[in-house]
Ligand code: M6R
């Protein structure tokens, strides 16, 4: 994953690059580094660990140049230490890299044979050596970058500067995102617009195998052969304060609290609030026609987005009566899927850059499927691959643990299920109205359950005594159980498993004792009685129950150590509200245990490597 920032312009680059890296730290935080041209020489500072370690090292440093590159790392090749931190250098070349060089062993062997001294364990450093080797012959940075591209195999994006040419910056993208910020006589090259949004709102998104060549105030775009290409400038309307904590202790908590507004924003473009109906006008003719013809839907996603997809299966099958399959992207892309004619593949990705999901949508297209992307980032790589588009519209999600993107997606899946059903004539006006009214009620229902914030803050110490957590649910609550368990694992580093409540007796029941907490998502729907029977089985074996139910459900309450009532809702929107207490529980457990809530260990927000 990794975050990249490059700057060429009239200002002093150090602070611009560090500020940019701060906005990208969610992409990786094992180590960080910066290289700036200073008095005609490259000055490089790197540090292991979080960006603050680099900042401390930089306090006494000053730079007088106008060109610099920076990087925050998520280790793939080589341990997360200072010698493996970027920028890497070879001779007069400095380079930052995001991605993986697949043929690095051959390149390394070749370089060692020629007597090159390799200073790190990374694949990235090797690219710097290849460019340095070449530039000594060409004396031309662009030419040497192009010559080097032909020697590298993999998915990689690089940003390169040459000490001898302090007014020149070159980037190449093949895989991980790179975006060029166009400012007033200054340019930025960044992994995510957040890193430069303070300085410009005008961006150019590089496609795979494209180069940007910035020289002075001039910027040129070309393909990997160096042939000029025309690129559009996109104006991004995110504001800088969207990426601030706004008084909250963590971004995650802020984003949990933003959910009522996020859901309202996500559904607003699709709902006629006078008639309580769902609009078809913004689907586009192509998709409307497609929704009529489809025989099957495949959802493909990773992590939390995959759990949203699982909810989507229940919604589309039950509302639109179309068969649905769900796939984890990393499985889909290698299982040689059979795609019958008239298949619609829907990818879900908050970032729009997840490498496996991107590969999956490309594969789906090769197999002849039509595609719809649900993402939070317009113009992201996945969004650009798809025919149809739906946007979460939640604003930036900074916390590595996904929260508001998940609930916004669930609201869009309600809308999508109704749209498909409407186009196919499978839903009555009354049923549509019920779904719309439930959706419109979600923001205020979420406000109500946000009051569990205080409750979990107080309960965290007691909850932290449990040795393990089993999350259970049935129907649409099953993916919510999986999502609850994922949140606890990634934030509080505690063992947690999500299970379909009815599956418990097929194995997990053996885990249950007094130290095991059973977190059950059991809103009052058609399956509640069955879930309660499963809980009796767990209770009889000493399990301690934390339950989330609808209203004052006395049966559920009497079995539980902790009972959290939810407002009454229709089955289609229960997941949106039920997940909020689970998010708060994981947040407070992690905070109580003094873990880094926004940047959990070993993880990154945008997983742009396989
Ligand atoms: O950007 P995406 O939605 O494609 O990301 C997918 C997963 O990496 C992501 O949901 C991950 O599981 C989150 N950290 C979960 O909170």
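Residue numbers (the numbering used here): 356 to 965. Don't be surprised by glycine CBs; every beta carbon is placed ideally from N, CA and C.
Just to check, is the beta-carbon of residue i closer than 8 Å to a non-hydrogen atom of the ligand M6R?
i, result
"residue 958", "yes"
"residue 549", "no"
"residue 656", "yes"
"residue 759", "no"
"residue 755", "yes"
"residue 620", "no"
"residue 708", "yes"
"residue 845", "yes"
"residue 705", "yes"
"residue 771", "no"
"residue 778", "no"
"residue 589", "no"
"residue 962", "yes"
"residue 712", "yes"
"residue 842", "yes"
"residue 660", "yes"
Give me whichever residues DSSP pairs with residue i in a beta bridge.
i, result
"residue 453", "512"
"residue 523", "570"
"residue 795", "According to DSSP, residue 795 bridges with nothing at all."
"residue 560", "534"
"residue 726", "700"
"residue 517", "448"
"residue 398", "391"
"residue 680", "653"
"residue 578", "565"
"residue 361", "424, 544"
"residue 482", "In the DSSP output, where bridge partners are listed per residue, residue 482 has none listed."
"residue 921", "905"
Taking its Cβ as the centre, do 16 or more other Cβ atoms sit within 10 Å of residue i, making it buried, or is it exposed?
i, result
"residue 689", "exposed"
"residue 382", "buried"
"residue 627", "exposed"
"residue 956", "exposed"
"residue 451", "buried"
"residue 564", "exposed"
"residue 861", "exposed"
"residue 549", "buried"
"residue 601", "exposed"
"residue 478", "buried"
"residue 488", "buried"
"residue 396", "exposed"
"residue 431", "buried"
"residue 583", "exposed"
"residue 693", "exposed"
"residue 706", "buried"
"residue 792", "exposed"
"residue 630", "exposed"
I'd like to know whether the C-beta atoms of residue i and residue j end up nearer to each other than 9 Å.
i, j, result
"residue 919", "residue 826", "no"
"residue 496", "residue 517", "yes"
"residue 807", "residue 922", "no"
"residue 685", "residue 708", "no"
"residue 696", "residue 644", "no"
"residue 940", "residue 874", "yes"
"residue 745", "residue 770", "yes"
"residue 610", "residue 758", "yes"
Give every residue of the same chain whose Cβ lies closer than 8 Å to the Cβ of residue i, excluding the five residues on either side of it in the sequence, and list them in chain order.
i, result
"residue 816", "947"
"residue 481", "456, 459, 462, 463, 466, 473"
"residue 857", "829, 885, 889"
"residue 369", "389, 391, 413, 416, 417, 418, 423"
"residue 743", "638, 639, 641, 642, 645, 725, 726, 727, 728"
"residue 954", "380, 381, 384, 405, 755"
Can you name, in chain order, every residue of its own chain whose Cβ lies under 6 Å from the Cβ of residue i, other than the five neighbours on each side?
i, result
"residue 931", "762, 765, 797"
"residue 589", "558, 734"
"residue 355", "This structure leaves residue 355 out entirely; the chain is present only between 356 and 965."
"residue 664", "654, 656, 681, 703"
"residue 541", "364"
"residue 837", "662, 853"
"residue 820", "none"
"residue 615", "798, 801, 802"
For residue i, which residues from the same chain have a beta carbon less than 7 Å from its beta carbon, with the 5 sequence-adjacent residues on both sides left out?
i, result
"residue 393", "418, 419, 420"
"residue 775", "646, 671, 675, 677"
"residue 712", "655, 656, 657, 684, 702, 704, 737"
"residue 475", "433, 438, 439, 443"
"residue 624", "637"
"residue 933", "832, 835, 876, 878, 903, 921"
"residue 782", "674, 773, 776"
"residue 551", "375, 536, 543, 545"
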